[in-house]
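When we follow numbering that gives the first Met the number 0, the leftmost residue of the sequence shown carries the number 0, and every step to the right adds one.
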Amino acid sequence: MSRIAILKRADCNPKKCSHECEKYCPVNRTGKECIIIDETAKIAEELCTGCGICPKKCPFDAIQIVNLPHQLKEKPVFRYGKNAFELFRLPVPQKGQVVGILGSNGIGKSTALEMLAGLLKPNLGQFEKELLEKEIIDSFKGTELQAYFTKLFSKKISVSYKPQYIDLIPKKFKGKVIDLLSKAGSKKQIDEISKEINIGAIINRKIEQLSGGELQKVAIAAAVLKEADLYLFDEPASYLDVKERVRVAKVIRTLAEKGKHVIVVEHDLIILDYLADLIHILFGQMAAYGVVSHPLSAKNGVNTYLDGYLRDENIRFRTQSIKFDHSAAGRSQDLIVFTKWPALKKKLGTFNLEIEPSEIHKKEIVGIVGANAIGKTTFMKMIAGQLKPDSGKIPAKLKISYKEQYLKPQKGVTVMSALSSVTKEIMTQKFKLDILRPLEIEHLMNHKLDELSGGELQRVAIAACLARKADFYLLDEPSTYLDVEQRLQAARAIQKVIKDREAAALVIDHDLLFINYVSDRLMVFDGTPAKKGKANKIQTVKAGMNHFLKELDITLRKDPSTHRPRVNQPGSQKDKVQRKQNKFYEF
């Protein structure tokens, strides 16, 4: 079995250890140099026997020895360097179809897109030298990618690429939205896309003044406006509310309907299901290696990903399948009233918010859904005591733990210090089992908060919120930056803490699958963004989802094999039947 050795260079610190990896390596003891220490450790993979001693002996958990699937016969298409991440295979663009890419964080999705965009050249694992374009083309001989790279290198294919990290746009472009969009399309085209994506109100605003959601829509608009053969969208749903996600998905689908090639990376399974015709699954091990599967139909692709087993390749990439049998839509409650609030009102500038009176039960998680800028976070801040209502009174004497929407990491503070400051139980077995392991934080304990990725920081923020001893837990958009598995693990961790402590929680999120999974009941916000918001009384998941989906103009049904919510294709027989029966959420 072939294997790769991964060294986390940021964690390897030979000046602070006794070079245990080098000393205890059995191959080194025979006189060969499998591991040598320079500024960091270096591992000769061709000599490594896969004994697993060096990862256990390393005091900084900086080494991974990873066995590759024995079914994997081909060479990598890209490797970042010695003892670094490598990617096998690439997704294949298809004319007139949306190809989805589904996989965990840190497994090569963005790397694959960058190669298809021509921003990164395949090195076929030969990172020491730059390959000739002919060598790269020949490596894909007999496949559709041979023709693709031939045209890409000869500039006969144009590519439009919407990157993952949109926060870099203001650093690279100074000016107004209209100035940026004018580089990609005509005034008539800009007017059309502005209506379709709903950015007319910000068209003359400066790029640096935009919120995350506004910046995302502008980036998508710029990508759509560019005349290209292939359109690549890396996580287009990030920062957007559900209504905007559906709106953007419709715009992206029209590109395929015009005969363009479209590839989309997305973690929101409901939106990906709505968008994609075909799906490539990326599997492997985070920060070690990634493998692109053969294409599957959208339904089979999502279900196969959740099952964790690729039948046509006979590869199991997850030990357990993900099922939605415990979806909260049918969970019963003790119905002991935990707290309640009267009718509340709040005015912020020209925005008016009204909250209907409601009550929440002990051990209950209430999901909150609604458009951006409609008062969800304002309501949560009132419950947290950070904002005072203009009329009505928030219940007093509640000990609250609040994870805010926007995370601001303290500079130089380690994860261990941050969590230790909110709980003394950080090293207990229960804390590890309930919070640290589900949220995949154990290996981050010595890392600094300001050096974490968005997903890592989000998981630490959720852990800190759950770590506090409180009565009422408030979590604002906890699924942001998390991949599919991490979202479900976070949902389970939230459920476990709330039930065990007999507390209650409010959770705001835009991922309908996540909300459907984590919630016992729902609170739906209606109104006009930035003008008027209304929070309806808490209702059942079924009633709340039906209310919300009707406003979104989409229908959902239960998938028979995974029991996950699946979006119906607009105009399909199932969609027509559910609309006729006024069952926008059929569970």
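The C-beta atom is built at its ideal place from N, Cα and C for all residues, glycine as well.
- Does DSSP put residue 327 in a helix, in a strand, or in coil? Translated into positions along the sequence shown, residue 327 becomes position 328. Because residue 327 sits at a pLDDT of 44, beneath the cut-off of 50, its placement in the model cannot be relied upon, and the point is left open.
- Message: So, for residue 373: in the same chain, excluding its five sequence neighbours on each side, which residues have a beta-carbon less than 6 Å away from its beta-carbon?
- Response: For the purposes of this step, residue 373 is taken as the residue at position 374 of the sequence shown. Closer than 6 Å at the Cβ level, and outside the excluded window around residue 373, lie 524, 526, 528 and 532.
- Item | Option nearest residue 262 by Cα separation, candidates 452, 109 and 134 | Working through the sequence shown from its first residue, we reach residue 262 at position 263. Out of 452, 109 and 134, 109 has the C-alpha closest to the C-alpha of residue 262.
- Query: Terminal residues of the continuous beta strand (DSSP E) containing residue 555?
  - Reply: Looking up residue 555 in the sequence shown gives position 556. Segment 555-557, the beta strand (DSSP E) holding residue 555.
- Message: Which same chain residues end up closer than 7 Å to residue 329 when comparing Cβ atoms and leaving out the 5 residues on each side of it in sequence?
- Response: Here residue 329 is taken as the residue at index 330 of the sequence shown, counted from 1. Low per-residue confidence applies at residue 329: pLDDT is 43, beneath 50, and the placement is therefore not dependable, though the value from the model is reported in the following sentence. Excluding sequence neighbours, residue 329 sits near nothing in its chain.
- residue 81 to residue 355, Cα distance in whole Å? The residue given as residue 81 occupies position 82 in the sequence shown. The residue given as residue 355 occupies position 356 in the sequence shown. Near 60 Å, if we compare the C-alpha coordinates of residue 355 and residue 81.
- Item | Contacting residues, own chain, Cβ-Cβ under 7 Å from residue 325 (five flanking each side not counted) | If you number the sequence shown from 1, residue 325 lands on position 326. Confidence at residue 325 is low in this model, with a pLDDT of 48, below 50, so its placement is unreliable and the value that follows should be read with caution. No residues qualify anywhere along the chain.
- Query: Taking the beta strand (DSSP E) that residue 260 falls in, what are its first and last residues?
  - Reply: Here residue 260 refers to the residue found at position 261 of the sequence shown. 260-264 is the span of the beta strand (DSSP E), which, as asked, contains residue 260.
- Using the Cα positions of residue 76 and residue 106, report the straight-line distance between them to the nearest angstrom. Position 77 of the sequence shown, counted from the first residue, corresponds to residue 76. Position 107 of the sequence shown, counted from the first residue, corresponds to residue 106. Roughly 14 Å between the two C-alpha positions.
- With DSSP as the reference, label residue 256 as helix, strand or coil. Numbered from its first residue, the sequence shown carries residue 256 at position 257. Residue state, collapsed to three classes: helix.
- Bridge partners of residue 27, per DSSP? As a first step, residue 27 must be located in the sequence shown, where it is residue number 28. Partner(s): none; residue 27 has no beta bridge.
- Beta-carbon contacts of residue 184 that lie in its chain and below 6 Å, excluding the five residues immediately before and after: In the sequence shown, residue 184 corresponds to position 185, counting from 1. Only 224 meet the Cβ criterion.
- Give the single residue among 475, 530, 471 and 485 whose Cα lies nearest to the Cα of residue 503. Sequence index remark: in the sequence shown, residue 503 carries index 504 (1-based). That would be 471, whose Cα lies nearest to the Cα of residue 503.
- Through-space distance from residue 323 to residue 467, alpha-carbon basis: For the purposes of this step, residue 467 is taken as residue 468 along the sequence shown, with counting starting at 1. For the purposes of this step, residue 323 is taken as residue 324 along the sequence shown, with counting starting at 1. Distance between the alpha carbons of residue 467 and residue 323 is about 28 Å.
- Thinking just about the alpha-carbon of each residue, which of 244, 284 and 580 is nearest to the one in residue 84? Within the sequence shown, numbered from 1, the residue matching residue 84 stands at position 85. Nearest of 244, 284 and 580 to residue 84, Cα basis: 284.
- Between the beta-carbon of residue 360 and the beta-carbon of residue 93, is there less than 8 Å? Within the sequence shown, numbered from 1, the residue matching residue 360 stands at position 361. Within the sequence shown, numbered from 1, the residue matching residue 93 stands at position 94. No, these two residues do not count as a Cβ contact at 8 Å.
- Query: What residues in its chain sit with their C-beta under 6 Å from that of residue 583, if we drop five residues either side in the sequence?
  - Reply: Your numbering for residue 583 matches position 584 in the sequence shown. Only 545, 548, 549 and 554 meet the Cβ criterion.
- Three or more C-beta pairs below 8 Å linking the segment 335-344 and the segment 488-500: no
- residue 574, DSSP secondary structure in three states: Start at 1 with the first residue of the sequence shown, and residue 574 comes out as number 575. Residue state, collapsed to three classes: helix.
- Leaving out five residues before and five after residue 331 in sequence, what residues of the same chain have Cβ atoms less than 6 Å from its Cβ? Residue 331 sits at position 332 when you count from the first residue of the sequence shown. The predicted model places residue 331 with a pLDDT of 47, which falls under 50 and marks its position as unreliable; any figure quoted below should be read in that light. Answer for residue 331: no residue qualifies.
- What does a CB cutoff of less than 7 Å around residue 71 pick up in its chain, not counting 5 residues either side in sequence? For the purposes of this step, residue 71 is taken as the residue at position 72 of the sequence shown. 87 and 290.
- Report the option in 500, 520 and 498 whose CA atom is closest to the CA atom of residue 507. Locating residue 507 in the sequence shown gives position 508, counting from the first residue. With distances taken between Cα atoms, residue 507 lies closest to 520.
- Message: Using CA atoms only, rank isn't needed, just tell me which of 557, 300, 292 and 572 is closest to residue 73.
- Response: Here residue 73 refers to the residue found at position 74 when the sequence shown is read from its first residue. Considering only alpha carbons, the answer is 292.
- Query: What span of residues does the beta strand (DSSP E) with residue 41 cover, start to end?
  - Reply: If you number the sequence shown from 1, residue 41 lands on position 42. Run containing residue 41: 40-42, per the beta strand (DSSP E) assignment.
- Query: Would you call the CB atoms of residue 388 and residue 451 closer than 8 Å?
  - Reply: In the sequence shown, counting from the first residue as 1, residue 388 sits at position 389. In the sequence shown, counting from the first residue as 1, residue 451 sits at position 452. Result no, Cβ atoms of residue 388 and residue 451 do not sit closer than 8 Å.
- Item | Beta bridge counterpart(s) of residue 448 as assigned by DSSP | Reading the sequence shown from its first residue, position 449 is the one you call residue 448. Beta-bridge pairing links residue 448 to no other residue.
- Item | residue 459 versus residue 438 - alpha carbon distance | Along the sequence shown, one-based indexing puts residue 459 at 460. Along the sequence shown, one-based indexing puts residue 438 at 439. Roughly 8 Å separates the two Cα atoms.
- Query: Would a C-beta distance cut-off of 8 Å place residue 240 and residue 371 closer than the cut-off?
  - Reply: The residue labelled residue 240 in the question sits at position 241 within the sequence shown. The residue labelled residue 371 in the question sits at position 372 within the sequence shown. In this structure, residue 371 lies closer than 8 Å to residue 240 by Cβ.
- Kindly indicate the opening and closing residues of the alpha helix (DSSP H) around residue 486. Here the question's residue 486 lines up with position 487 in the sequence shown. Here the alpha helix (DSSP H) through residue 486 covers 483-499.
- Task: Tell me whether residue 114 sits in a helix, a strand or coil according to DSSP, three-state version.
- Result: Along the sequence shown, one-based indexing puts residue 114 at 115. Note: residue 114 maps to helix in three-state DSSP.
- Message: Just to confirm my understanding: we take residue 132, look at its own chain, exclude 5 residues before and 5 after, and list those with CB closer than 6 Å. What are they?
- Response: The sequence position of residue 132 within the sequence shown is 133, counting from 1. Correct list, in chain order: 152.
- Message: Quick check: what's the CA-CA separation for residue 218 versus residue 176?
- Response: Translated into the one-based positions of the sequence shown, residue 218 becomes position 219. Translated into the one-based positions of the sequence shown, residue 176 becomes position 177. When rounded, the distance between both Cα atoms is 10 Å.
- Reducing DSSP to helix, strand and coil, say where residue 168 ends up. What you label residue 168 is simply residue 169 of the sequence shown in a count that begins at 1. The answer is helix: DSSP assigns residue 168 an H, G or I state.
- Whole-angstrom distance between residue 585 and residue 574, CA atom to CA atom: Taking the sequence shown and counting its residues from 1, the one referred to as residue 574 is at position 575. Taking the sequence shown and counting its residues from 1, the one referred to as residue 585 is at position 586. Each residue's Cα considered, the two are about 10 Å apart.
- Query: According to the neighbour-count rule (16 or more other Cβ atoms, all chains shown, within 10 Å of its Cβ), is residue 203 buried or exposed?
  - Reply: Within the sequence shown, the letter at position 204 stands for residue 203. Exposed.
- Message: residue 222 and residue 198 - do their beta-carbons sit closer together than 8 Å?
- Response: If you number the sequence shown from 1, residue 198 lands on position 199. If you number the sequence shown from 1, residue 222 lands on position 223. Result no, Cβ atoms of residue 198 and residue 222 do not sit closer than 8 Å.
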